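Visitor: The sequence shown lines up with residues -6 to 464 when you count with the working numbering.
Yeah, the Cβ is synthetic: ideal placement off N, Cα and C, and Gly gets one too.
The model shown is predicted, which means the values in this text are computed figures rather than measured ones.
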Amino acid sequence: MRYLQYALAAAGLAGSAIVVGQMQQDTINSAKSRHASVDTTEVPNMIAGSIIGPDVIVGSLNGINRYTTNGVITSYSIGTTSCNVGDEQLDWYDNSPFHPVIAQSIYRLKDGRFQQLGQSWLKHGFCALQQSLCAACQPAGNCCCSELGVGCSDPYTASLNGNQGGLGPKYEVNPTTGVFPWPYANPPYSGGLARRIQVRNSDLNPANNPGALYFGEGQYVARDDASARNGNNNASWRKVTFSGSTYQPSWDGATMTAEPAIAAWAVYDPGVELSGVELADGYYILGTNVIDNEDGTWRYEYALYNMNHDRAVRSVTIPTGTGTTITDIGFSDVDYHSGEPYDLTDWAVATGSGSITWSTSTEADNANANALRWGTMYNFWFTANTPPRDDLALTAGFFKFGNGTEFNVVTRTPQDGAAVCVGDFDDDGTVGPADLAALLAAWGTAGGDLDDDGNTDPADLAILLAAWGPC
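Shown next, in the form of structure tokens:
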């Protein structure tokens, strides 16, 4: 089995004669709770064995629970049914680092902007049942197994995925390789909010969010799935509604399999463009939406989702064109919680000549900076006074050191605005004597200021003379 190959290699004992005793299965008794009623919504039939190697997907989001609130935040969990659509069994060993982990998130689409509202810690897998939600199951054994068979499915209820003692932190998991330490960190916790999906009540209150749509997402990360390079289809999403003053959740429609929740943005808003970025060691999706405000301005919305790239992203630069007026610049992220070590500071923004850059600290300055890490999505937006073009690229800079420093995605960005003729105070298309007279008349005030220092002085005179003649 792959588990033995990994274990021997890790111990430096590959090729040695090893007698392996029976793995302790102290969770077999827990299998009874695994048979709790779950939603078996039909999913598209996967052709088990058509994908080389183990390949775990989320075949169904099978339930959603609400737990408690502190008046500001409410906690939730999402049930997930996994399916192995690969041609090899998938490792599912309890009490070891050779099993999948499960992330859960909630998103909102409101006024043309798609945001991640909350995320959970990671459910650690144990006891793979051998069911047949997605395809004909070739079971790895009877009931509680340490492998998920080819074509087989394994349900985890929302209650199981919300069991706080079985949730470990995200920071320990390398999503590119699926590697994490065992045992996972399990510090003390208290209260019903800890480790579960946490969403601000203000983000759910219908009075604040008229017309908003909500979505739940589940994602698996597994070592053998990652080593087979099958990690880009490990997330699925489903529309969810919240009702009443306590924001009780319920599913609305079927699970959309093998794609992350950002795909819902394009489903529910036909103006959205999604661009996948497949790197050698991870996968990103950029969503772009440009909204005509019908007042001579356009709102530019960008969402960048990191599915499984450990190196993460620390900066985003978007071309804004020359001669454009940029206003209403914004940024949003999703909070970590319950003791995750990451800084929650919003990214700084800098506007330059023809571009905007949002950024956080470098890894060298702060290893726990608020980088765009795996299983999260950050938003960037602004308003421009020009319509979009589609031949320039957004640039994303990596957080961690490695091969290459950035990637580019061609997307919609503002066109150039009207050419600016520096020093042409009378707007006649030429810098000439009348403009010189206007500058001298404003000497010592801000009226002829060309270098943005708040004063008209010799530096401004030099700029005007350098621009002398037709624009």
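When you compare the CB positions of GLN112 and CYS145, do they come within less than 9 Å of one another, or not?
Guide: The answer is no: Cβ separation not under 9 Å.
Visitor: With a threshold of 16 other CB atoms inside 10 Å of the CB of GLY5, please say whether the residue is buried or exposed.
Guide: Confidence in GLY5 is poor, its pLDDT being 31 and thus under 50, which makes the residue's placement too unreliable to answer from.
Visitor: Measuring alpha carbon to alpha carbon, tell me which of ALA205, TYR164, ASN299, CYS138 ends up nearest ASN225.
Guide: ASN299
Visitor: Just the Cα atoms here: how many angstroms apart are LEU115 and ARG193?
Guide: One C-alpha to the other measures close to 20 Å.
Visitor: Determine the direct distance from the alpha carbon of PHE173 to that of GLN15, and round the result to whole angstroms.
Guide: Low confidence applies to GLN15: its pLDDT is 23, below 50, so where it sits in the model is not reliable enough to give any reading.
Visitor: Would you call PRO37 buried or exposed, if buried means 16 or more other Cβ atoms sit within 10 Å of its Cβ?
Guide: Reliability fails at PRO37, whose pLDDT of 42 lies under 50, so the model's placement of it is uncertain and the value that follows must be treated cautiously. Exposed, by the Cβ-count rule.
Visitor: Hey, quick one: how far does the alpha helix (DSSP H) through ASN167 stretch, first residue to last?
Guide: No alpha helix (DSSP H) contains ASN167, which DSSP labels as neither H nor E.
Visitor: Of all the options GLU266, THR315, THR170, which has the alpha carbon lying nearest to the alpha carbon of HIS92?
Guide: Out of GLU266, THR315, THR170, the CA that lies nearest to the CA of HIS92 is found in THR170.
Visitor: Are the C-beta of PHE418 and some C-beta of chain C separated by less than 9 Å?
Guide: The chain inventory of the structure shown lacks chain C, comprising one protein chain alone.
Visitor: Rounded C-beta distance between ILE66 and LEU186? I'm assuming under 8 Å.
Guide: 6 Å
Visitor: Here's the rule I'm using: 16 or more other beta-carbon atoms within 10 Å means buried, otherwise exposed. How should SER238 be labelled?
Guide: Looking at its Cβ environment, which holds fewer than 16 other Cβ atoms inside 10 Å, SER238 is exposed.
Visitor: Starting from LEU454 and walking both ways along the alpha helix (DSSP H), at which residues does that stretch end?
Guide: 451 to 459
Visitor: Please report how far the alpha carbon of LEU83 lies from the alpha carbon of ALA128, in whole angstroms.
Guide: 15 Å
Visitor: Which value, in whole angstroms, describes the spacing of the CA atoms of SER70 and PRO148?
Guide: 14 Å
Visitor: Taking 6 Å as the limit between beta carbons, can you name the residues of its chain near THR310, skipping five residues before and five after?
Guide: SER348, THR350, THR388
Visitor: Report yes if the CB atom of PHE391 is closer than 9 Å to the CB atom of ASN282, and no otherwise.
Guide: no
Visitor: Quick one: grab the DSSP three-state call for LYS163.
Guide: helix
Visitor: Is it right to say ARG222 is buried, meaning 16 or more other beta carbons lie within 10 angstroms of its own, or is it exposed?
Guide: exposed
Visitor: Going by DSSP in three states, PRO181 sits in which element: helix, strand or coil?
Guide: coil
Visitor: Is it the case that the stretch 252 to 262 contacts the stretch 199 to 210, given that we only count it when at least three CB pairs across the two stretches are under 8 Å?
Guide: yes
Visitor: Would you mind sorting VAL270 into buried or exposed? The rule is 16 or more other CB atoms within 10 Å of its CB.
Guide: buried
Visitor: In the structure shown, what three-state DSSP assignment does GLY209 receive?
Guide: strand
Visitor: I think ASN58 touches ALA151, with their Cβ atoms under 8 Å apart; what is that distance to the nearest whole Å?
Guide: Their Cβ separation, rounded to whole angstroms, is 4 Å, which keeps ASN58 and ALA151 in contact under 8 Å.
Visitor: Could you tell me whether the Cβ atoms of ASP321 and THR398 are closer together than 9 Å?
Guide: Against a cut-off of 9 Å, the Cβ pair of THR398 and ASP321 comes out as no contact.
Visitor: Under the rule that 16 or more other beta-carbon atoms within 10 Å means buried, what is ASP196, buried or exposed?
Guide: With 16 or more other CB atoms across the displayed protein chains lying within 10 angstroms of its CB, ASP196 is buried.
Visitor: Going by beta carbon distance, what residues of the same chain come within less than 6 Å of PRO407, once the five residues before and after it are set aside?
Guide: Result list for PRO407: THR313, GLY314, THR317, ALA377, THR379, in chain order.
Visitor: Using a threshold of 9 Å, state whether the C-beta atoms of PRO203 and LEU141 are closer than that.
Guide: Taking 9 Å as the cut-off, the beta carbon of PRO203 is found no closer than this to the beta carbon of LEU141.
Visitor: From VAL424 to ALA341, what distance separates their C-alpha atoms?
Guide: 37 Å
Visitor: Would ILE45 be called buried (16 or more neighbouring beta carbons within 10 Å of its own) or exposed?
Guide: exposed
Visitor: Excluding the 5 residues flanking ASN201 on each side, which residues of the same chain have their C-beta closer than 7 Å to its C-beta?
Guide: SER195
Visitor: Please classify GLU287 as buried or exposed, where buried requires at least 16 other C-beta atoms within 10 Å of its C-beta.
Guide: Label assigned to GLU287: exposed.
Visitor: Quick one: grab the DSSP three-state call for GLY269.
Guide: strand
Visitor: My parser needs the beta strand (DSSP E) runs of 3 or more residues fully inside the stretch 92 to 160; what are they?
Guide: 94 to 103, 106 to 112, 115 to 117, 146 to 149
Visitor: For ASP383, which of helix, strand or coil comes out of DSSP?
Guide: strand
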